[in-house]
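**Q**
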Amino acid sequence: MTDKVEIFDTTLRDGEQVPGCKLNTKQKLKIAARLDELGVDVIEAGFPVSSPGDFTSVQEISKIVKNSAVCGLTRAVKKDIEVAAEALKFATKPRIHTGIGTSDSHIKYKFKASREEILERAATAVEYAKTFADDVEFYAEDAGRTGNEFLAKVCTEAVKAGATVLNIPDTTGYCLPEEYGKKIKYLKDNVVGIENVIISCHCHNDLGLATANAIAGITNGARQIECTINGIGERAGNTALEEVVMILKQHPYLNLNTNINPKLLYDTSLMVSREMGMFVQPNKAIVGANAFAHSSGIHQDGVIKNRETYEIIDPADVGVTESAIVLTARSGRAALAYKAKKMGYNLTKLELDIVYHEFLNFADAKKEVADHDIHTIMDIYRKNNRA
Ligand code: KIV
Ligand code: ZN
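Under UniProt numbering, the first residue of the sequence shown is numbered 1, with each subsequent residue one higher.
1. Determine the closest residue to Ala-158 out of Ile-218, Gly-208, Cys-175 and Ala-129, with distance taken between C-alpha atoms.
2. Is the stretch 239-253 in contact with the stretch 208-219, if contact means three or more CB pairs nearer than 8 Å?
3. Is it a yes or a no for the stretch 144-162 touching the stretch 188-202, going by three-plus beta-carbon pairs under 8 Å?
4. Could you name each continuous alpha helix (DSSP H) segment of 4 residues or more that falls completely within the stretch 35-108, going from the start of the chain to the end?
5. Which full runs of the alpha helix (DSSP H) of 4+ residues lie inside the stretch 189-262, going along the chain?
6. Going by Cα to Cα distance, which pick from Lys-366, Gly-332, Ile-380 and Arg-307 is closest to Ser-323?
7. Counting pairs of beta carbons, one from the stretch 340-352 and one from the stretch 308-315, are three or more of them closer than 8 Å?
8. Between which two residues does the beta strand (DSSP E) carrying Val-154 extend?
9. Closest to Leu-119 by CA distance: which of Asp-142, Val-245 and Phe-150 is it?
10. Whole angstroms is fine: what's the gap from Gln-17's alpha carbon to Thr-172's?
11. Can you give me the C-alpha to C-alpha distance between Thr-131 and Glu-179, rounded to a whole angstrom?
12. Would you kindly work out how many angstroms separate the C-alpha atoms of Val-244 and Ile-380, rounded to a whole number?
13. Assign Phe-362 to one of three DSSP states: helix, strand, or coil.
14. Taking contact to mean at least 3 C-beta pairs separated by less than 8 Å, is the stretch 131-144 in contact with the stretch 94-102?
15. For the stretch 289-309 against the stretch 251-265, are there 3 or more C-beta pairs whose distance is under 8 Å?
16. When you compare each of Asp-353, Ala-335, Asn-290 and Ile-229 to Arg-274 by their alpha carbons, which one comes out closest?
17. With 16 other CB atoms within 10 Å as the buried threshold, where does Asn-220 fall?
18. List the residues that DSSP assigns as beta-bridge partners of Asp-3.
19. Can the beta-carbon of Met-246 be found less than 9 Å from the beta-carbon of Ile-286?
20. At which residues does the alpha helix (DSSP H) containing Asn-384 begin and terminate?
21. Does the Cβ-Cβ distance between Ala-210 and Gly-231 come in under 9 Å?
22. Tell me the rounded alpha-carbon separation between Ala-222 and Lys-367.
23. Quickly, what does DSSP pair Val-280 with across the bridge? List them, please.
24. Please say whether Leu-256 and Val-5 have beta carbons closer to each other than 9 Å?
25. To the nearest angstrom, how far is it from the Cα of Gln-281 to the Cα of Leu-270?
26. Under 8 Å: does the beta carbon of Asp-142 sit that close to some heavy atom of the ligand ZN?
27. Please state if the CB of Arg-121 and the CB of Ala-84 are separated by a distance shorter than 9 Å.
28. Compute the distance between the beta-carbons of Glu-234 and Asp-9, then report whether it is under 9 Å.
29. Might you give, ordered along the chain, the residues of its own chain that have their beta carbon closer than 7 Å to the beta carbon of Gly-302, omitting 5 neighbours on each side?
30. Quick one: Cα of Glu-358 to Cα of Val-272, how far?
31. Can you grab the Cα-Cα spacing for the pair Leu-352 / His-251, in whole Å?
32. Quick one: what does DSSP say Ile-325 is sitting in, helix, strand or coil?
33. Let me confirm a value: Asp-371 is counted as buried when at least 16 other C-beta atoms fall within 10 Å, else exposed. Which label applies?
34. What do you reckon, are the CB atoms on Asp-3 and Gln-224 nearer than 9 Å?
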């Protein structure tokens, strides 16, 4: 029996909070349609009360999305909830995502309130959201730095008020995976009524642990991951959708699956990168330009003999045409022969020895030897060896 992990995509909300990465409604609609096709369970389309533009985007997205639930973010504020409900009124599956900060620092500095007031505001917000939508997700902002005992109390109040999903954000990306996993386990064991709700992981990447933390949450009983394409998001970003999907796929013994079509991952990454004008780092897992590129001689030789020697994922599974062999001064004869063959040059052993010598001169002069350089090298070889 495999368990389903819901994928909640927040590219259009948390992802869009990246400095300098504003999307207009047309661009958001294009991305939302792709997320729907990709198979995400929930699309967080925006924060409707934040601006008229966000409101319109959430409303328009609600009209076109066919399969995914569409979600709008709110604070634990009546007006926010009313505006979100209005923006979501055309959605087939609307979800209101409401919540409040629960860490001591949020309670003291942001709300200047007491814990009791936070408990009350959380319950009131969920109850009010329930008057507009059946599906209400509650977030305990900065749950990562909230004591587990108080967090369980807030979550119990939210469940009592009707929350269907409990979002446990590591808002500041502070937790270690073991700590975050234990937090989820503690909530599973201590929140009253937890058996009727889904726990969601929402992790930020300030210490580079967003993906590891989300996986720790899932292996401790959470069943929803909040994530973004390319891991974009506030500061160092959020859990990357493509990473968690492929981790679960590549580790079948976990018995956890998602609804995502992985073949669309690479193309979706390109789309989001282009629309947002935000380039993906070449060494980014799964979708970076170098994710399936091999440049050292030893690795190239292995991959040419059998891809599995140095690749744990078949690039075709995520929509990448094929692994790349990047020719450099560290490449050996096998890699050169492989590349040359692909370009139509079938070299004998003797020819390869001669051409390889010329290749090394090129490789020393340039960092990478491109396809057009191979043609030049072959022209030189032919000129020098004309009968
Ligand atoms: O990181 C966070 O806490 C959030 C919440 C608003 C869900 O994005
Ligand atoms: Zn966030």
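Backbone N, C-alpha and C fix where the C-beta goes; we use that ideal spot for every residue, glycine too.
**A** In short, the structure shows the following:
1. Ala-129
2. yes
3. yes
4. 52-64 and 78-87
5. 210-219 and 241-250
6. Arg-307
7. no
8. Careful: Val-154 lies outside any beta strand (DSSP E), inside the alpha helix (DSSP H) at 148-161.
9. Phe-150
10. 14 Å
11. 35 Å
12. 48 Å
13. helix
14. yes
15. no
16. Ile-229
17. buried
18. Leu-256
19. yes
20. 371-384
21. yes
22. 46 Å
23. For Val-280, which the question treats as bridged, DSSP gives no partner whatsoever.
24. yes
25. 12 Å
26. no
27. no
28. no
29. Thr-309 and Tyr-310
30. 41 Å
31. 41 Å
32. strand
33. exposed
34. no
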